[in-house]
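The next block holds one structure in the form of structure tokens; read it before the comments.
2 protein chains.
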Amino acid sequence: MRILLVEDDHLLARTMLDMLRQDQNTVDWLDDGQQALTALNNEHFDLVILDLTLPRLDGLDVLQGARQAGNHTPVIILTARAELNEKLTGLDAGADDYLTKPFAMAELKARIRAVTRRGHSASGDAEIRVGQLRLNTSSGQLMVGDEHAVLPRSEFQILHYLMRHPGQVATRRRLEEQLYGWDSGAESNALEVHIHHLRRRVGKATIRTIRGVGYVLDPDAVTGDTPCH
Amino acid sequence: MRILLVEDDHLLARTMLDMLRQDQNTVDWLDDGQQALTALNNEHFDLVILDLTLPRLDGLDVLQGARQAGNHTPVIILTARAELNEKLTGLDAGADDYLTKPFAMAELKARIRAVTRRGHSASGDAEIRVGQLRLNTSSGQLMVGDEHAVLPRSEFQILHYLMRHPGQVATRRRLEEQLYGWDSGAESNALEVHIHHLRRRVGKATIRTIRGVGYVLDPDAVTGDTPCH
DNA sequence: GGCAGGCGTTAAGGCTGGCTTAAGACTCGT
DNA sequence: ACGAGTCTTAAGCCAGCCTTAACGCCTGCC
Numbered sequence: 066m067r068i069l070l071v072e073d074d075h076l077l078a079r080t081m082l083d084m085l086r087q088d089q090n091t092v093d094w095l096d097d098g099q100q101a102l103t104a105l106n107n108e109h110f111d112l113v114i115l116d117l118t119l120p121r122l123d124g125l126d127v128l129q130g131a132r133q134a135g136n137h138t139p140v141i142i143l144t145a146r147a148e149l150n151e152k153l154t155g156l157d158a159g160a161d162d163y164l165t166k167p168f169a170m171a172e173l174k175a176r177i178r179a180v181t182r183r184g185h186s187a188s189g190d191a192e193i194r195v196g197q198l199r200l201n202t203s204s205g206q207l208m209v210g211d212e213h214a215v216l217p218r219s220e221f222q223i224l225h226y227l228m229r230h231p232g233q234v235a236t237r238r239r240l241e242e243q244l245y246g247w248d249s250g251a252e253s254n255a256l257e258v259h260i261h262h263l264r265r266r267v268g269k270a271t272i273r274t275i276r277g278v279g280y281v282l283d284p285d286a287v288t289g290d291t292p293c294h
Numbered sequence: 066m067r068i069l070l071v072e073d074d075h076l077l078a079r080t081m082l083d084m085l086r087q088d089q090n091t092v093d094w095l096d097d098g099q100q101a102l103t104a105l106n107n108e109h110f111d112l113v114i115l116d117l118t119l120p121r122l123d124g125l126d127v128l129q130g131a132r133q134a135g136n137h138t139p140v141i142i143l144t145a146r147a148e149l150n151e152k153l154t155g156l157d158a159g160a161d162d163y164l165t166k167p168f169a170m171a172e173l174k175a176r177i178r179a180v181t182r183r184g185h186s187a188s189g190d191a192e193i194r195v196g197q198l199r200l201n202t203s204s205g206q207l208m209v210g211d212e213h214a215v216l217p218r219s220e221f222q223i224l225h226y227l228m229r230h231p232g233q234v235a236t237r238r239r240l241e242e243q244l245y246g247w248d249s250g251a252e253s254n255a256l257e258v259h260i261h262h263l264r265r266r267v268g269k270a271t272i273r274t275i276r277g278v279g280y281v282l283d284p285d286a287v288t289g290d291t292p293c294h
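The listed protein sequences derive, respectively, from chains H and Z.
Residues in the first sequence are numbered consecutively from 66, following this note's numbering.
Residues in the second sequence are numbered consecutively from 66, following this note's numbering.
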């Protein structure tokens with residue numbers, strides 16, 4: 066998943082970055098409310114983790130601003146216990162969940178899973194299913210029928226996105242964002258190569274090309290082949 | 066197992082440390098409530114042994130703080146008999162068990178086994194089973210099929226953790242925590258070497274590598290080798 | 001029908017990270 | 001003090017991953 070972390074405590078932020086990236090996410094980090102709002106308006110994220118006390122523009126204003134602009138990205142708010150009363154305002158302003166500092170990293174993981182609505186309750190590993198595809202989102206293990214594979218990072222990111230939006234078109238741009246966040250700069254046909262490799266695993270018909278736009282995952286497509294070489 | 070001991074009586078603490086380490090555990094020790102809460106929020110422990118009278122932050126506050134942060138680690142509370150009435154509050158606050166000082170080390174061991182819920186019912190030796198693996202957690206004896214061996218400490222720690230979380234990813238970080246706690250500083254490929262030795266015992270396919278992340282125990286993996294030809 | 005642009009396919013190169021092995025350091029019991 | 005068993009370190013190897021680039025195909029447009 067692509068996550069935006071907005072947190073001005075650099076020490077805490079770094080801990081969270083490490084944890085989130087370890088969990089196979091592409092994470093971008095800002096420590097400033099103004100920039101955060103701009104980023105939210107111009108790019109796509111699957112989740113925002115938003116501290117309330119920020120320089121330049123308060124977290125709540127970021128949230129409200131984004132929502133007013135029609136942005137529905139799931140948001141988890143971080144807040145000090147002293148600001149408890151603000152939380153109500155926070156939920157009113159359109160946050161999906163909140164966490165009071167200090168919090169346990171495990172708890173953050175759980176909330177993320179809850180908010181993104183995958184991995185039902187149980188603290189076990191989260192898994193997405195689409196058709197006969199089963200993708201373990203914490204280990205990147207993929208089951209196609211009864212064949213098993215561990216996806217490399219890039220292929221995982223792509224397939225994960227496609228499976229989160231089955232039947233919807235994923236633009237090339239969107240997929241590249243998922244892969245690189247802001248670090249990118251990759252100007253090549255890398256994406257097509259990854260898609261190629263994915264199709265080899267998943268069955269050719271499962272990922273359909275929309276010429277000039279991007280790709281779609283076809284939930285109904287059946288594989289037919291399981292290469293094994 | 067990785068255990069956090071929070072106890073400000075240094076003499077008692079040292080005794081307990083020795084005993085717990087004797088039993089193959091990795092134990093970290095703090096004598097201060099504030100630090101304990103911080104540690105609990107940022108790291109993973111399998112068990113906390115918590116004295117109630119602590120400098121800076123009372124034991125009960127540590128417990129409550131941790132629980133509010135969403136931390137579900139099993140906790141055993143230590144308390145002087147004079148503070149008996151507090152115990153009820155202790156259980157209310159989310160402790161799993163308590164022990165009144167002075168106590169026998171054997172008693173503590175028993176409580177630990179009970180709280181960590183391994184070694185069902187009878188106080189006989191605790192044993193974990195996953196697939197065809199059977200690990201005796203008190204002796205470190207491993208049965209693979211009908212072959213048996215006694216694991217050295219490091220390999221035991223790793224396999225024990227993997228078997229407690231079969232099918233889930235164990236990050237390198239997590240495994241190193243299990244091995245060293247805070248004493249570490251070990252910057253090397255030691256973990257990989259241990260994994261290598263373990264695979265030799267347990268079958269290569271049983272421990273799967275998740276590149277850039279860690280390892281998973283595959284419960285279904287058989288000792289032989291994968292078919293596919 | 002020819003052309004151009006987008007996409008598929010394949011192979012090669014660089015690189016990272018894990019695997020393997022062997023050698024020394026250490027511990028502990030005898 | 002010695003030896004067996006254990007842990008760490010280091011070095012070289014290997015495999016897998018990502019990107020790049022070349023080439024061919026397909027599609028749609030003129």
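All C-beta atoms in this analysis are idealised placements derived from N, C-alpha and C, irrespective of residue type, glycine included.
Please read all numbers here as calculations on a predicted model, not as lab measurements.
Could you give the C-beta distance for residue i and residue j, rounded to a whole number, given that I count them as a contact under 8 Å?
i: ARG146(Z); j: LEU207(Z); result: Not confirmed; about 41 Å, so no contact.
i: GLU72(Z); j: MET84(Z); result: Not really, about 12 Å apart at Cβ, beyond 8 Å.
i: ASP97(Z); j: ARG121(Z); result: 5 Å
i: PRO231(Z); j: VAL195(Z); result: 5 Å
i: THR271(H); j: LEU282(H); result: 6 Å
i: ILE141(H); j: VAL180(H); result: 6 Å
i: LEU117(H); j: ASP123(H); result: 7 Å
i: ALA169(H); j: GLY246(Z); result: Not a contact, Cβ separation roughly 18 Å.
i: ASN201(H); j: GLU192(H); result: 5 Å
i: LEU112(Z); j: MET66(Z); result: 6 Å
i: THR91(H); j: LEU244(H); result: 7 Å
i: ARG132(Z); j: GLY159(Z); result: 4 Å
i: PHE221(Z); j: GLN100(Z); result: Actually they do not touch by this definition, with Cβ atoms about 29 Å apart.
Determine whether the Cβ of residue i lies closer than 7 Å to any Cβ atom of chain H.
i: GLN233(Z); result: yes
i: ALA134(Z); result: yes
i: VAL71(Z); result: no
i: VAL281(Z); result: yes
i: ILE223(Z); result: no
i: ALA78(Z); result: no
i: ASN106(Z); result: yes
i: THR181(Z); result: no
With 7 Å set as the bound, which would you pick, yes or no: does the beta-carbon of residue i sit closer than that to a beta-carbon of chain Z?
i: ALA169(H); result: yes
i: GLU212(H); result: no
i: GLU172(H); result: yes
i: SER186(H); result: Unreliable placement is indicated for SER186(H), whose pLDDT of 49 sits below 50; no coordinate value is reported for it.
Span of the beta strand (DSSP E) holding residue i?
i: GLU220(Z); result: Premise fails: GLU220(Z) lies in the alpha helix (DSSP H), 218-229, not in any beta strand (DSSP E).
i: ARG67(Z); result: 67-71
i: GLU212(Z); result: 212-215
i: VAL32(H); result: In this structure chain H extends from 66 to 294, so residue 32(H) is not present and cannot be described.
i: VAL92(Z); result: 91-95
i: ARG199(Z); result: 198-201
i: ARG273(Z); result: 272-275
i: VAL209(H); result: 206-209
i: GLY232(H); result: Run containing GLY232(H): none; DSSP gives neither H nor E here.
i: VAL281(Z); result: 279-282
Along chain H, which residues have their Cβ under 9 Å away from the Cβ of residue i?
i: VAL278(Z); result: GLN87, ASP88, GLN89, SER203, SER204, GLY205
i: THR271(Z); result: Going along chain H, no residue has its Cβ under 9 Å from THR271(Z), so there is no contact; the nearest lies around 14 Å.
Which chain H residues are close to residue i, counting only those with a beta carbon under 7 Å from its beta carbon?
i: ILE275(Z); result: SER204, GLY205, VAL215
Residues of chain Z with CB under 9 Å from residue i, in chain order?
i: ARG266(H); result: By Cβ distance, chain Z contributes nothing, its closest Cβ being about 14 Å from ARG266(H), past 9 Å.
i: ARG218(H); result: ARG276, GLY277
i: ALA191(H); result: Near ALA191(H) there are no residues of chain Z at all, since even the closest Cβ is about 11 Å away, more than 9 Å.
Run down chain Z in chain order and give the residues with a C-beta less than 8 Å from the C-beta of residue i.
i: ALA175(H); result: GLY135
So residue i is in the alpha helix (DSSP H); what residue range does that whole segment cover?
i: GLU242(Z); result: 237-245
i: THR80(H); result: 75-87
i: VAL258(H); result: 255-267
So residue i contacts chain H; which residues on that side make the cut at Cβ distance below 8 Å?
i: THR236(Z); result: GLN87
Please find out if some non-hydrogen atom of the ligand MN comes closer than 6 Å to the beta-carbon of residue i.
i: LYS269(Z); result: The ligand MN is absent from the structure shown, which contains no ligands of any kind.
Beta strand (DSSP E) runs wholly inside the stretch 147-182 of chain Z, at least 3 long, in chain order: Fully enclosed beta strand (DSSP E) runs of 3 or longer: 162-166.
Length-filtered (4 minimum) alpha helix (DSSP H) runs lying within the stretch 97-143 of chain Z: Counting only runs that start and end inside the stretch 97-143 of chain Z, the alpha helix (DSSP H) elements of at least 4 residues fall at 98-107, 124-133.
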